[in-house]
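*Asks:* Here's a structure for you.
Rendered as structure tokens:
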């Protein structure tokens, strides 16, 4: 009777404890998201467009000028190497940034980065616990390349976020088999694939499929599929993949194919061209099996990941060794560990087997790596890691991070005191006071960890160092360095010089600062000298943007009117590669 009367009280206490844990998790997760938002959004538009960012900005600009949102062009030339989704997201951002500018171009990626951190914390909490989830979010949000691509116009973080969302949806419904969630899974993958390509389908399906087979261990899986009648083996494989082998998958594939294919079909009907679908084949299948560019060595990602995930990558070897050690020992939570390891290795092997390899292609591995490092630092109840090798690797990894933090003070030394010509002319470190404050805090957390070396202290120390380092680099240093970049001021100076009209402006072997010129129609481009001379003879070319190195090849009288800024520390190659505005004909 006493036991019966105590049960409601016990259940109430458990519910109260659960609600309290939920509240604390939401509060801590909210703090992580606020700090991540500062890192991703602060001064987002302070820097001029850089490298491939011009592609997203210019395609979106030309879509808005032509009102044709199904035909991506750069200076009037079709540029269909990516699906349309990421360009549309840039356009959707313009009302929030006062027009199409640097902030609008990057805003979708910043939002996607923040969503990825939130999704990862939710996923890790389901796999492990609240503490590991919070640390996993911190690790992802402060990894060097994740911050970079969350502040950089591209489709990479958007794709990563969609893949994470698909994996989280599966994790929520893993034990249910079929259901409407399967349709949702295919729709998420279809929407994700509209940003960069079929990777939005391929990677989640690979991770989910491999994990479904191996979630109870290699030994049990191979025992089931290698013994007994063939029918029983097939039945076992189907049972492990009930999420796929059900009628909802048929509906999901049909709806997913419709969502993914509809923009290409509309584009084809409007323009009478199959370039969009040709892009799907070329950029996904051909690039994977028979690449035409970006042929990095097969071992590329072995070392690239350490740069992408810095500074947390210094702890990744320890995390891999420890998680594999725990899995072999049968320690709980074994299934969560298998999920994290499958996520990591399936992604790594997939990109390694691809014939086309480029450093940032493997960016989708960062959430899996963050889970492994977080699990190693936050989850074990013991004060030490179980594997002796992992303990040593953790010590070495942290020593690298700590040493880097300590010696970073040398950045305050003026370039003229330590560097040879012409690099002795490099400007001094920007925001020195901020750098010194951040350095002092970093040294303090290093001392805190060395005083009593424990995994949770390593997590706190590296988290503080990583956040301060990323804040300084992306919010202070890089915007300050933008003063020494010349594309944007050159573009505005050109417009001012030619009276605001690009009617008689031409381009020779360069696109120039096209986005900042904001032409109402395509600017004539020439790759051949004869075609340029014909345009000059017809009076169609009064002004020309050309690289310095190509001026002697013109065989045409020209006068340099403006030049992209040059600086003393640049080499002769850099100087000759600068673009200039020339007036066609002899000087008046």
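In this note's numbering, the protein residues as written are 9 to 596. The beta-carbon is built from N, C-alpha and C at its ideal position, and this holds for glycine as well. None of the values given here were measured: they were computed from a predicted structure.
1) Consult DSSP for residue 446 and reduce its assignment to one of helix, strand or coil.
2) For residue 549, which residues from the same chain have a beta carbon less than 6 Å from its beta carbon, with the 5 sequence-adjacent residues on both sides left out?
3) Could you name the residues of the same chain whose beta carbon sits closer than 8 Å to that of residue 66, not counting the 5 residues immediately before and after it, in chain order?
4) Less than 9 Å between the C-beta atoms of residue 350 and residue 215, yes or no?
5) Let me make sure I understand the geometry here. Which of 203, 308 and 197 has the alpha-carbon closest to that of residue 263?
6) Just to check my reading of the structure: residue 394 and residue 334 have Cβ atoms closer than 8 Å, yes? What is that Cβ distance to the nearest angstrom?
7) Using a Cβ-Cβ cutoff of less than 7 Å, which residues in the same chain neighbour residue 178 once the five nearest sequence positions on both sides are dropped?
8) Taking the beta carbon of residue 345 as the centre, do at least 16 other beta carbons fall within 10 Å, making it buried, or is it exposed?
9) How should residue 253 be labelled, buried or exposed, when 16 other C-beta atoms within 10 angstroms of its C-beta is the threshold for buried?
10) In chain order, which alpha helix (DSSP H) runs of at least 4 residues are fully inside the region 167–239?
11) Start and end of the alpha helix (DSSP H) containing residue 353?
12) Residues in the same chain with beta-carbon distance under 8 Å from residue 584, minus the five sequence neighbours each way, listed in chain order, please.
13) Which whole-angstrom value describes the C-beta separation of residue 559 and residue 587, a residue pair presumed to lie in contact below a C-beta threshold of 8 Å?
14) Could you check the C-alpha separation between residue 353 and residue 462 for me, to the nearest Å?
15) How many Å lie between residue 69 and residue 499 at the Cα?
16) Kindly indicate which residue of 188, 205 and 133 has the alpha-carbon position closest to the one of residue 165.
17) Counting pairs of beta carbons, one from the region 380–387 and one from the region 131–148, are three or more of them closer than 8 Å?
18) Report yes if the CB atom of residue 309 is closer than 9 Å to the CB atom of residue 365, and no otherwise.
19) Mind the definition here: the region 476–493 touches the region 504–518 only if three or more C-beta pairs lie below 8 Å; say whether that holds.
20) Give me, in chain order, the residues of the same chain whose beta-carbon lies closer than 6 Å to that of residue 219; leave out the 5 immediate sequence neighbours on both sides.
21) What do you reckon, are the CB atoms on residue 151 and residue 321 nearer than 9 Å?
22) Check the C-beta distance from residue 172 over to residue 256 and give it rounded, since I have them as a contact under 8 Å.
23) Is the beta carbon of residue 468 closer than 9 Å to that of residue 453?
24) Report the rounded CA-to-CA distance for residue 58 versus residue 535, giving the unit in angstroms.
25) With residue 284 and residue 272 assumed to form a contact (beta carbons below 8 Å), what rounded beta-carbon distance in angstroms separates them?
26) Could you tell me whether the Cβ atoms of residue 126 and residue 158 are closer together than 9 Å?
27) Starting from residue 150, follow the beta strand (DSSP E) in both directions and report where the run begins and ends.
28) What residue from 525, 531, 495 and 487 has the CA that sits closest to residue 49's CA?
29) For residue 425 and residue 432, I'd like the C-alpha separation in whole angstroms.
30) Quick check on DSSP: helix, strand or coil for residue 567?
31) Could you tell me which of 325, 249 and 368 sits nearest to residue 304, measuring between CA atoms?
32) Measuring CB to CB, does residue 437 end up less than 9 Å from residue 420?
33) Tell me residue 81's beta-bridge partners as DSSP assigns them.
34) Is it right to say residue 547 is buried, meaning 16 or more other beta carbons lie within 10 angstroms of its own, or is it exposed?
35) To the nearest angstrom, report how far apart residue 102 and residue 109 are at their CA atoms.
36) Does the distance from the C-beta atom of residue 149 to that of residue 40 stay below 9 Å?
*Replies:* With the given structure in hand:
1) helix
2) 514, 543 and 592
3) 82, 83, 522 and 523
4) yes
5) 197
6) 7 Å
7) 193, 216 and 251
8) buried
9) exposed
10) 188–201, 207–222 and 226–234
11) 342–361
12) 555, 556 and 557
13) Going by Cβ atoms, the distance from residue 559 to residue 587 rounds to 11 Å, so no, they are not a contact pair.
14) 27 Å
15) 16 Å
16) 205
17) yes
18) yes
19) no
20) 347 and 350
21) yes
22) The Cβ separation is near 22 Å, so there is no contact.
23) yes
24) 23 Å
25) 4 Å
26) no
27) Premise fails: residue 150 is in no beta strand (DSSP E) and is neither H nor E.
28) 487
29) 7 Å
30) strand
31) 368
32) yes
33) 86
34) exposed
35) 8 Å
36) yes
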